[in-house]
Structure formats: structure tokens, C-alpha cells
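Chemist: Structure below; questions to follow.
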Amino acid sequence: CGIFGVLGTKDAANFVALGLHALQHRGQEAGGIVAHHPDHGFNSARRFGYVRDTFTSQDVMETLPGSLAIGHVRYSTAGSKGQTAIRDVQPFFGEFAMGGAAIAHNGNITNADALRRELIERGSIFQSSSDSECIIHLMARSLQRNIPERMEDALRRVEGAFSVVAMTRTKLIGVRDALGVRPLVLGKLDTGYVLSSETCALDIIGAEFVREIEAGEMVVITDQGVDSRFPFRPQKSRFCIFEHVYFSRPDSILGGRSVYETRENIGRELAKEAPVDADLVCPVPDSGTPAAIGYSLESGIPYAMGIIRNQYMGRTFIEPTEQIRNMGVRLKLNVNRALIRDKRVILVDDSVVRGTTSRKIKEMILDAGAAEVHFRIASPPTAWPCFYGVDTPQREKLLAATMSEEEMREHLGVDSLKFISLDGLYRAVGEGNGRDASSPQYCDACFSGEYPVEPADMIEKGFEM
Ligand code: 5GP
Ligand code: SF4
Ligand code: MG
Numbered sequence: 016c017g018i019f020g021v022l023g024t025k026d027a028a029n030f031v032a033l034g035l036h037a038l039q040h041r042g043q044e045a046g047g048i049v050a051h052h053p054d055h056g057f058n059s060a061r062r063f064g065y066v067r068d069t070f071t072s073q074d075v076m077e078t079l080p081g082s083l084a085i086g087h088v089r090y091s092t093a094g095s096k097g098q099t100a101i102r103d104v105q106p107f108f109g110e111f112a113m114g115g116a117a118i119a120h121n122g123n124i125t126n127a128d129a130l131r132r133e134l135i136e137r138g139s140i141f142q143s144s145s146d147s148e149c150i151i152h153l154m155a156r157s158l159q160r161n162i163p164e165r166m167e168d169a170l171r172r173v174e175g176a177f178s179v180v181a182m183t184r185t186k187l188i189g190v191r192d193a194l195g196v197r198p199l200v201l202g203k204l205d206t207g208y209v210l211s212s213e214t215c216a217l218d219i220i221g222a223e224f225v226r227e228i229e230a231g232e233m234v235v236i237t238d239q240g241v242d243s244r245f246p247f248r249p250q251k252s253r254f255c256i257f258e259h260v261y262f263s264r265p266d267s268i269l270g271g272r273s274v275y276e277t278r279e280n281i282g283r284e285l286a287k288e289a290p291v292d293a294d295l296v297c298p299v300p301d302s303g304t305p306a307a308i309g310y311s312l313e314s315g316i317p318y319a320m321g322i323i324r325n326q327y328m329g330r331t332f333i334e335p336t337e338q339i340r341n342m343g344v345r346l347k348l349n350v351n352r353a354l355i356r357d358k359r360v361i362l363v364d365d366s367v368v369r370g371t372t373s374r375k376i377k378e379m380i381l382d383a384g385a386a387e388v389h390f391r392i393a394s395p396p397t398a399w400p401c402f403y404g405v406d407t408p409q410r411e412k413l414l415a416a417t418m419s420e421e422e423m424r425e426h427l428g429v430d431s432l433k434f435i436s437l438d439g440l441y442r443a444v445g446e447g448n449g450r451d452a453s454s455p456q457y458c459d460a461c462f463s464g465e466y467p468v469e470p471a472d473m474i475e476k477g478f479e480m
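Read left to right, the sequence shown gives residues 16 to 480 (the UniProt record's numbering).
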């Protein structure tokens, strides 16, 4: 998901809508905005679909006055299987003795089921199936005198990977979990402040990038400035390495590095680790593009757009049902036949999950008369589900969970298939010595099966690590 918040500028909701538009790649199912105005109080709007279609009409934006607003774009993950209900769309709002607060998060609370049971037993009435609502109810039970302290109390009970933006009548609040698994950055406008999942959404509103919120940090922002605190037990951070590979936009800066350059590096590493004689390097657009450029530069094999993407389709993986996902590949991608005929083609993609994309693309490429097809993948085999906010399917559906590399190659029907090694990936993201096995620098659970936070709810449901 994507989260965004603005304090200290007229019509903050308009800025939030623009920010969410720039974060649309992080969630396309639905969006929501809450704004506060001293005379009109808290107002919210929730809509299914793209921000550009739902938060651009005057009718909607007029209902969201004020100089303080937060928003969320939704991508449904664990807990919300099937159709999302509009009541599950964030931000959530709660009214407390000392005033209201709205909250939105990106990530996943791994003990949400247990917390929900406990809260319901103690009298809380839930209105949605979303994890964020747990935080609101925990805040309601806290004995602290003001809202930021109540939020600290609540978040200390919550396990998992989450970045939060929240607001009161006068404050904009941002939090990253103790491991800093999900991103969150701070930006500055002439007259105010911004919180955003990624820096690309600061650019769109002309905000200056100040810094990343640190792992375990909570910032409480008012007209007076930014107050920083660290409510959790300090731990070594474990940022999601997959943000570098796929999730973030290539024009964002993560950990002081351009995502684009990191992806190009991944392609270069891949070319060193898994060279092959061929005529063309083609990306599976758009997610494989920077890595394909890196592979081409390192190998000297020409880069070409062998697959053309229809710009009017979203990310296929993000469409929630298997049926739509299956159709999606053809609706979105087409082979550039004239270019491919009789060529030995290296196809570079960011990841293989179920293998649906790769299989379809291989068929399309062979139909177009390619002489050979070699897959090069910019991440290690995805053998484990993510429980921290990225929607990987159940373990059984992951190709790499049940097949060896050679079996996957056969299943996909390609001449060769190679994944970057985990160490190679770490080198590409700037860890010159590779992965520190005794204390890994990133979360890489979907590749390694080493979960930095025990997925308590999933274990209860029978998941075996
Ligand atoms: P598959 O077709 O193998 O199930 O999915 C792999 C494709 O989905 C890749 O092209 C990748 O770009 C895309 N993708 C979209 N969202 C995700 C995600 O959350 N995780 C992973 N691993 N791949 C994703
Ligand atoms: Fe990121 Fe994978 Fe960890 Fe999920 S399991 S947070 S996708 S590295
Ligand atoms: Mg892709």
C-alpha cells in the first residue's frame, strides 16, 4: 500500500490526492483521504479505483477542506481475501475523549487476529476487517492523556511490519516499525511538512526530501516543527529488500540510493553470475526494465524492447483474482514480432512468483518465432510467502516452493532459467560483502524463509516455517 500525509498547506487534501497518484503503483484497488478543518472538523472520502478517477472531481475534493490531511492507496494482502469492502478502505477514524484521530498504514500486523479476538472479548466493536482498526481500538483502551502517547501504547502491542501515517486535529504523525521493514520518508513544503511512502510522491508536489523516518522512529509534526521519539525496543533494522527489486518506483530514493541505479546494478550482477550467448536482452516491462538495461550494459548484448506494454493496464499481479491475473498478461503485454523473429532472446524480469507471467510471455515469444528464450530473474527464487504487506500467495502456489530450478525451467519451457543469488542481490543493493548470514541487513524472508518477525497469526493457522 501507499501512505501520504500533509500538514500546513491550504487544501492539503489536493496535495494528498497528488501524492497518492504518484504512489498508485503501491496499490490500485482503492483509495481514501481524511482531512481536518477547524470549522468543519474531520471529513473523509473512500473510493474504489484509481486516484486519478476518484479524487480529481471537485465534488469529492470540496468535501475535504483543511490544511491537514492523510491518505492511503490500497492493495489487499493477508486477512482481506477476495473482494474488498469499502469499509475496509483506510484511513480509519476514531473519536477519543481528547479528540479524533485518523490512521492509515502500509504493511501487515502479524498478530492482528489475536489482538482482534482479545479486543472483541473486552468489548470493542469492529467495523472492518482491516488491521489499522486494531490500532484505533488499542488506542481507545490506553490510559494515556494524549493521542501520540496512546498511539505509542497501542503500537507497542502490535507485531509485524508497518509504516503508519496518522493525524489529530493539529498533528501529523509518522511511525515505522522497529525493524523499519516498510518505507516512510519526510518531506518539506514551503509552509508545511509531508510524510510519504516514497520520495517520488514528494517530487510531484514540489516538496523537498528531508530524510527517511528511521526504523522504530515516531515523528509528531505540528506547526512548530518535527518532534522525534523512539517508542520501541531498539533493534537492527531489516528493510524489505524487495522494495529495491520491485515494489518501489525507480525514480524513488531508498536508503540514500536511487532505486533505478540499484536495479541496473542487479542486472549487472545477474550478467556476471549468469551469462549466456544471445542476440538481444529484452525486459519484461516495466518491472524488468532497469535490470535488463544493466544486463545489457554488462554483457554487451544489445538491449531491445521485444515486449511492448499497453500503458493503460495496471500491474497484473495486483489484480486480486487468479482469473483476472491470467487474462492480464495478454491484455497488458504484446510481443514486438518483427524484432524477435529468429533471435536468441534473454528475457529479464524482476521475479517469478506463480510463474503465470513467465509462462505466458515465453509462449508469446516462441509464437513470434524466437530461436531461443533465456530467462534471467532479478531476484532469487520466491520460495516463501511475505507476511509483511506484499501479497505473495500461499506457499503451495509459489513455483519455487515446490520445484527445483531445473524443474521450473522445464515447467516454463525455456532454454535456460537463472535467478540472481541472494548474495549477488545484497551486493547490488550496496552491501559489498554480500549478506551477513548471522545478522542479515535486510528482510529477505520471501527468498530465505528467515522471518525477522514471527508471523504469529499464520502459525496459528498452520503455517510451518
Ligand atoms: P507470476 O506471474 O510469476 O505469478 O508473478 C510475477 C510477476 O508479478 C512479475 O513480473 C512481477 O513484476 C509481478 N509482481 C507484481 N506484484 C508482485 C509482488 O507483490 N510480488 C512479486 N514477487 N511479484 C510481483
Ligand atoms: Fe519484503 Fe520479502 Fe520481507 Fe516481504 S518477505 S517484507 S517482500 S523481503
Ligand atoms: Mg512484472
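Beta carbons are placed, not taken as given, at the ideal position from N, Cα and C, and that holds for glycine.
1. If distances are taken between C-alpha atoms only, which option among E232, T237, E378 and H40 comes closest to R248?
2. Buried or exposed for A353, please, with buried defined as at least 16 other CB atoms from any protein chain shown within 10 angstroms of its CB.
3. Does the ligand SF4 have a heavy atom nearer than 7 Å to the CB of C255?
4. Could you tell me if R67 is buried or exposed, where buried requires 16 or more neighbouring beta carbons within 10 angstroms of its beta carbon?
5. Give me, in chain order, the residues of the same chain whose beta-carbon lies closer than 6 Å to that of H52; leave out the 5 immediate sequence neighbours on both sides.
6. To the nearest angstrom, report how far apart S463 and A398 are at their CA atoms.
7. In this structure, how does DSSP classify E167 when only helix, strand and coil are distinguished?
8. For the beta strand (DSSP E) containing H389, list its first residue and its last residue.
9. Indicate the three-state DSSP secondary structure (helix, strand or coil) for G20 in the structure shown.
10. Counting Cβ pairs, one atom from each stretch, are 3 or more of them under 8 Å apart for the region 290–298 and the region 360–372?
11. If you drop the 5 nearest sequence neighbours on each side, which residues of the same chain put their C-beta closer than 6 Å to that of L130?
12. With a Cβ-Cβ cutoff of 8 Å, do E276 and I435 count as a contact?
13. Work out the CA separation of I355 and A119 for me, nearest whole Å.
14. Since G20 contacts I85 with CB under 8 Å, what's their CB separation in whole angstroms?
15. Could you check whether the Cβ of F177 sits closer than 8 Å to any Cβ belonging to chain C?
16. If you count every other CB in all the chains shown that lies within 10 Å of the CB of I236, and 16 or more means buried, which is it?
17. What residue from I188, G303 and E446 has the CA that sits closest to A319's CA?
18. Identify whether P298 lies in helix, strand or coil by the three-state DSSP scheme.
19. Sorry if obvious, but does the Cβ on C461 come closer than 7 Å to a heavy atom of the ligand SF4?
20. Looking at F70: is its Cβ nearer than 8 Å to the Cβ of E44?
21. Apart from the five residues on each side of it in sequence, which residues of its chain come closer than 6 Å, Cβ to Cβ, to S145?
22. Please confirm whether A27 and A60 have their CB atoms less than 8 Å apart.
23. Excluding sequence positions up to five away, which residues of its chain have a Cβ less than 6 Å from the Cβ of P455?
24. Any heavy atom of the ligand SF4 inside 7 Å of the beta-carbon of Y318?
25. How big is the Cα-Cα spacing for M182 and G240?
26. Starting from E425, follow the alpha helix (DSSP H) in both directions and report where the run begins and ends.
27. Identify, in the order they occur along the chain, each residue of the same chain with its Cβ nearer than 8 Å to the Cβ of G370, setting aside the five sequence neighbours on each side.
28. DSSP three-state call for K433: helix, strand or coil?
29. Where DSSP assigns a beta bridge to R226, which residues make up the other side?
30. As an exercise, report each continuous alpha helix (DSSP H) stretch of at least 4 residues that is fully enclosed by the region 205–270, in chain order.
31. What three-state label does DSSP hand L348 in the structure shown?
32. Given a threshold of 16 other Cβ atoms within 10 Å of its Cβ, counted over all protein chains shown, does L33 qualify as buried or as exposed?
33. Mapping DSSP to helix, strand and coil, what is K96?
34. If you count every other CB in all the chains shown that lies within 10 Å of the CB of M480, and 16 or more means buried, which is it?
35. Can you give the beta carbon distance from F207 to F224, rounded, assuming they're within the 8 Å contact cut?
36. On the CB-based measure, 16 or more other CB atoms within 10 Å of its CB, does Y403 come out buried or exposed?
Modeler: A quick look at the data gives this:
1. For this step, residue 248 is matched to residue 233 along the sequence shown. Sorting E232, T237, E378 and H40 by C-alpha distance to the C-alpha of R248 places E232 at the top.
2. Stepping through the sequence shown from its first residue, residue 353 is reached at position 338. The residue is exposed, with fewer than 16 neighbouring Cβ atoms inside 10 Å.
3. Taking the sequence shown and counting its residues from 1, the one referred to as residue 255 is at position 240. The nearest non-hydrogen atom of the ligand SF4 is less than 7 Å from the C-beta of C255.
4. Translated into the one-based positions of the sequence shown, residue 67 becomes position 52. Label assigned to R67: exposed.
5. Indexing the sequence shown from 1 puts residue 52 at position 37. Result list for H52: P80 and G81, in chain order.
6. Sequence index remark: in the sequence shown, residue 463 carries index 448 (1-based). Sequence index remark: in the sequence shown, residue 398 carries index 383 (1-based). Cα to Cα, the separation comes out at about 8 Å.
7. Residue 167 sits at position 152 when you count from the first residue of the sequence shown. Residue state, collapsed to three classes: helix.
8. In the sequence shown, counting from the first residue as 1, residue 389 sits at position 374. For H389, the enclosing beta strand (DSSP E) begins and ends at E387 to I392.
9. Indexing the sequence shown from 1 puts residue 20 at position 5. Assignment of G20 by DSSP, reduced to helix, strand and coil, places it in the strand class.
10. Pairwise C-beta distances place the region 290–298 in contact with the region 360–372, as three or more of them are shorter than 8 Å.
11. Position 115 of the sequence shown, counted from the start, is the residue given in the question as residue 130. So the list reads C149, once near-sequence residues are dropped.
12. Here residue 276 corresponds to residue number 261 of the sequence shown, with the count starting at 1. Here residue 435 corresponds to residue number 420 of the sequence shown, with the count starting at 1. No, the pair does not count as a contact, with Cβ atoms beyond the cut-off.
13. Translated into positions along the sequence shown, residue 119 becomes position 104. Translated into positions along the sequence shown, residue 355 becomes position 340. Answer to the nearest angstrom: the Cα atoms are 46 Å apart.
14. What you label residue 20 is simply residue 5 of the sequence shown in a count that begins at 1. What you label residue 85 is simply residue 70 of the sequence shown in a count that begins at 1. Right, their Cβ atoms sit about 4 Å apart.
15. Looking for chain C here will not work: only one protein chain is present.
16. As a working mapping, residue 236 is identified with position 221 in the sequence shown. Label assigned to I236: buried.
17. Residue 319 sits at position 304 when you count from the first residue of the sequence shown. Of all alpha-carbon atoms in I188, G303 and E446, the one lying nearest the alpha-carbon of A319 is that of G303.
18. By 1-based counting over the sequence shown, the position of residue 298 is 283. Here P298 sits in strand by DSSP.
19. By one-based count along the sequence shown, residue 461 stands at place 446. Yes - the ligand SF4 has a heavy atom lying nearer than 7 Å to the Cβ of C461.
20. Reading the sequence shown from its first residue, position 55 is the one you call residue 70. Reading the sequence shown from its first residue, position 29 is the one you call residue 44. By the CB criterion at 8 Å, F70 and E44 fall outside the cutoff.
21. Stepping through the sequence shown from its first residue, residue 145 is reached at position 130. Counting only Cβ-Cβ distances below 6 Å, and skipping sequence neighbours, we find D103.
22. One-based indexing of the sequence shown puts residue 27 at position 12. One-based indexing of the sequence shown puts residue 60 at position 45. Going by beta carbons, A27 and A60 fall outside the 8 Å limit.
23. If you number the sequence shown from 1, residue 455 lands on position 440. Same-chain partners within the cutoff: there are none.
24. The residue you call residue 318 lines up with position 303 of the sequence shown. Y318 Cβ: outside cutoff for every heavy atom of the ligand SF4.
25. Here residue 182 refers to the residue found at position 167 of the sequence shown. Here residue 240 refers to the residue found at position 225 of the sequence shown. Cα to Cα, M182 sits roughly 15 Å from G240.
26. Here residue 425 refers to the residue found at position 410 of the sequence shown. Element bounds for E425: E420 to L427.
27. Position 355 of the sequence shown, counted from the start, is the residue given in the question as residue 370. A distance below 8 Å between beta-carbons, with the five flanking residues on each side excluded, links G370 to the following residues of its chain, in chain order: L414, M423, H426 and L427.
28. As a position in the sequence shown, residue 433 is number 418, starting the count at 1. Strand, per DSSP.
29. Within the sequence shown, numbered from 1, the residue matching residue 226 stands at position 211. DSSP lists L201 as partners of R226.
30. List check, alpha helix (DSSP H) in window: 215–218.
31. Taking the sequence shown and counting its residues from 1, the one referred to as residue 348 is at position 333. L348 falls in the strand class under three-state DSSP.
32. Looking up residue 33 in the sequence shown gives position 18. Looking at its Cβ environment, which holds 16 or more other Cβ atoms inside 10 Å, L33 is buried.
33. Mapped onto the sequence shown, residue 96 falls at position 81. For K96, the predicted structure reports a pLDDT of 49, less than 50, and the residue's modelled location is therefore unreliable. The matter cannot be settled from this model.
34. For this step, residue 480 is matched to residue 465 along the sequence shown. By the Cβ-count criterion, M480 is exposed, with fewer than 16 other Cβ atoms from all chains shown falling within 10 Å of its own Cβ.
35. To locate residue 207, count along the sequence shown from 1; it is residue 192. To locate residue 224, count along the sequence shown from 1; it is residue 209. Looking at the sequence itself, residue 207 is Gly, so the reference to Phe does not match. So it is not a contact: roughly 15 Å between Cβ atoms.
36. By one-based count along the sequence shown, residue 403 stands at place 388. The residue in question, Y403, is buried, as its Cβ has 16 or more Cβ neighbours within 10 Å.
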